[in-house]
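Structure first, commentary second.
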Amino acid sequence: MATVVGAIGTSHSPMLLTNPRLWRERAAQDRSNKELYDTSGRHVTFDELSAAVGDRYAAELTDEVWEQRYTACVEGMDRLAADLAELRPDVLVVIGDDQEEVFDATNQPSMAIFWGDRWETGTMEGAPPGEFFEAVKSGYAMDAVHQFDGHPQLALDAIRGLVARDFDVASVASTPPGHGFGHAYGFIIQRLLGERTDVPVVPVMLNTYYPPNQPSARRCHDFGRALRAALEASPVDARVVLVASGGLSHFVVDEQLDRRVLDGIARRDAESLRGIPDDLLNAGSSEIRNWVAVAGAMHDREVLWSEYAPCYRTAAGTGCGMGFLRWQ
Numbered sequence: 001m002a003t004v005v006g007a008i009g010t011s012h013s014p015m016l017l018t019n020p021r022l023w024r025e026r027a028a029q030d031r032s033n034k035e036l037y038d039t040s041g042r043h044v045t046f047d048e049l050s051a052a053v054g055d056r057y058a059a060e061l062t063d064e065v066w067e068q069r070y071t072a073c074v075e076g077m078d079r080l081a082a083d084l085a086e087l088r089p090d091v092l093v094v095i096g097d098d099q100e101e102v103f104d105a106t107n108q109p110s111m112a113i114f115w116g117d118r119w120e121t122g123t124m125e126g127a128p129p130g131e132f133f134e135a136v137k138s139g140y141a142m143d144a145v146h147q148f149d150g151h152p153q154l155a156l157d158a159i160r161g162l163v164a165r166d167f168d169v170a171s172v173a174s175t176p177p178g179h180g181f182g183h184a185y186g187f188i189i190q191r192l193l194g195e196r197t198d199v200p201v202v203p204v205m206l207n208t209y210y211p212p213n214q215p216s217a218r219r220c221h222d223f224g225r226a227l228r229a230a231l232e233a234s235p236v237d238a239r240v241v242l243v244a245s246g247g248l249s250h251f252v253v254d255e256q257l258d259r260r261v262l263d264g265i266a267r268r269d270a271e272s273l274r275g276i277p278d279d280l281l282n283a284g285s286s287e288i289r290n291w292v293a294v295a296g297a298m299h300d301r302e303v304l305w306s307e308y309a310p311c312y313r314t315a316a317g318t319g320c321g322m323g324f325l326r327w328q
């Protein structure tokens, strides 16, 4: 029988893959970002955000602070990589989100699982020019088309088990022509698996970003519990590790929301996690749904450790709340 031997959660922000000296390049792009939401969930322009916040976060923008935040993130990622090596997974089941890499508006399932033999990454066509994103592409395995192993039998058992538990997930048997899996999955392989790129990875996709069919936090939590039950009912003899990929809050840092998520997970407070309002799960912050799903799966397991680093890149508060966590 398959056994879930552990789980981790990690941010996958491009800021994690670049030297902090390049964060100012990313900060300049925030001024034209049309996906900014303030901490109340209101859609705002950068100028509106800046007018409301002023220079509240100016002290966070020194080279010294950025280096401290980046160092903390690197230590968190290195610790997760070491944990994965210790756990010796036969399969990773990565719960991430698709950002028009595999799907688009013609077909955007709320939940989907890849069950093919091998899956391919896409390339970052149309990324903003500059040194920042050039540094990011290889870290996401999106500098070229790369192929990685899936685990068809375990994935099929998960799909069938979820359907039996009233989750009618979409199934993906092959990488669609002209498309490829994206950063939520390539980051895990490139940054955390190290030399063990032969470990099969089953991509699980939640539609965190795109209305109108984003699952609620409650539904994500239930999905996680059902997913683990389906996996552990599989006759496949495998050590399985679950991964929550993405988040925490961005493109506007919301420390209160991030700490609610991490504290709720640490306390195994299902009601707090299930009650996160939809209107706070916008843009990049929507990836918190991936963490809630894995928290549902690991509802009976303790958290061994977690780290949090709020990484601001403008005085108006844009940036990313970086989280790193391991469940028992």
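If you count the sequence shown from 1, position 300 lands on 300 in the numbering used here, and the numbers rise without skipping.
Idealized CB from N, CA, C, for every residue including glycine.
Small disclaimer: the values here were computed from a predicted structure and weren't measured.
query                                                                                                                                                             : result
Only counting the same chain, and skipping five residues up and downstream in sequence, which positions put a Cβ closer than 7 Å to that of L280?                 : G41 and L257
Could you check how far apart the C-beta atoms of S234 and N290 are, in whole angstroms? I think they sit under 8 Å.                                              : The pair is not a contact, with the Cβ atoms about 22 Å apart (cut-off 8 Å).
So, are the CB atoms of F181 and V102 less than 8 Å apart?                                                                                                        : yes
Using the Cα positions of E232 and L87, report the straight-line distance between them to the nearest angstrom.                                                   : 17 Å
Based on Cα-Cα distance, which residue from A2, H43 and L17 lies nearest to F251?                                                                                 : H43
Determine the burial state of R267: buried for a count of at least 16 other Cβ atoms within 10 Å of its Cβ, exposed for fewer.                                    : exposed
What are the complete alpha helix (DSSP H) segments, minimum 4 residues, inside the segment 27-56?                                                                : 46-53
Which whole runs of the alpha helix (DSSP H) in the segment 120-183 are 4 residues long or more, in chain order?                                                  : 131-139 and 152-164
Could you tell me whether the segment 121-139 touches the segment 4-18, using the rule of 3 or more Cβ pairs below 8 Å?                                           : yes
Let's test the definition: count the other Cβ atoms within 10 Å of the Cβ of M142 and tell me whether it reaches 16, buried, or not, exposed.                     : buried
For R118, I'd like the list of residues in its chain whose CB is within less than 7 Å of its CB, leaving aside the five on either flank, ordered along the chain. : Q147, F148, D149 and G150
Give the C-beta separation of L154 and A2 to the nearest angstrom, bearing in mind that I take them to be a contact with Cβ-Cβ under 8 Å.                         : 6 Å
Straight-line CA distance for A270 to Y185?                                                                                                                       : 26 Å
Kindly indicate which residue of Y210, I113 and R31 has the alpha-carbon position closest to the one of V94.                                                      : I113
Between the Cα of E120 and those of L156, Q108 and P176, spot the shortest distance and give me the residue it belongs to.                                        : P176
Smallest Cα separation from R196: which of D55, A28, L92 and E67?                                                                                                 : L92
Which of the three DSSP states is assigned to F223 in this structure?                                                                                             : helix
State the start and end residues of the unbroken beta strand (DSSP E) segment that holds V5.                                                                      : T3 to T10
When you compare each of L156, L162 and F187 to V172 by their alpha carbons, which one comes out closest?                                                         : L156
Leaving out five residues on either side along the sequence, give the residues of the same chain with a beta carbon under 6 Å from the beta carbon of G321.       : L248, S249, V253, D258 and P310
Which first and last residues belong to the alpha helix (DSSP H) in which I288 is found?                                                                          : I288 to A297
Tell me whether T62 sits in a helix, a strand or coil according to DSSP, three-state version.                                                                     : coil
Report buried or exposed for S174, applying the criterion of at least 16 other Cβ atoms within 10 angstroms of its Cβ.                                            : exposed
Shortest alpha-carbon distance to D98 belongs to which of A58, E287 and I265?                                                                                     : E287
Take the Cβ of L304 as the centre, count every other Cβ of all protein chains shown within 10 Å, and call the residue buried at 16 or more, exposed below.        : exposed
So is T62 buried or exposed if we call it buried at 16+ other beta carbons inside 10 Å?                                                                           : exposed
Tell me the DSSP secondary structure of P14 in three-state form.                                                                                                  : helix
Spell out the partners DSSP gives I188 in its beta bridges.                                                                                                       : Per DSSP, none; premise fails for I188.
Applying the criterion that 16 or more other CB atoms from any shown protein chain within 10 Å of the CB defines a buried residue, is V145 buried or exposed?     : exposed
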